[in-house]
Amino acid sequence: MTNPQTDVLPCPGGNLENAYIKEYLHGLGYKPEDLKALPAAQRHDLLCAASMFASIRLADVEAKSHLIDEMHGGEHVM
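Each residue of the sequence shown is one higher than the one before, counting from 32 in the working numbering.
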């Protein structure tokens, strides 16, 4: 039997996104497990900023990928 709450399809770029979030946290001196000890508001703000950082980095990777495809005469799919 499947459980929709636990049967999650992998998100394309999810591992890279998580790596960028960890990079952001590490840059501020945090590990992901440290967040549990923070007040909820601080944890929320920190995760929002980390998410924004990861989104910007992922957009940069995607843009570079499209540029490389175009340089090599390939079509890129969005």
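Think of the CB as a built atom: it goes at the ideal place given N, C-alpha and C, for glycine as much as any other residue.
These figures come from a predicted structure and were not determined experimentally.
Straight-line Cα distance separating residue j from residue i
i	j	result
Tyr61	Arg74	11 Å
Asn34	Gly45	Since pLDDT at Asn34 reaches only 48, below the 50 mark, its modelled position is unreliable, and no value is offered.
Gln36	Gly104	With a pLDDT of 47 at Gln36, under the threshold of 50, the modelled position of this residue cannot be trusted; read the value that follows with caution. Using only the alpha carbons, I get a separation of about 42 Å.
Ser96	Leu47	14 Å
Ala71	Asp100	43 Å
Leu98	Ala68	42 Å
Proximity to residue i [Cα-Cα], best of the options
i	options	result
Ala80	Glu48, Tyr55, Ala50, Val92	Tyr55
Leu59	Ile87, Glu48, Asp76	Asp76
For residue i, the first and last residue of its enclosing alpha helix (DSSP H)
i	result
Leu89	71 to 102
Ala50	45 to 58
Assumed close pair residue i, residue j - CB separation to whole angstroms, cut-off 8 Å
i	j	result
Leu89	Tyr51	7 Å
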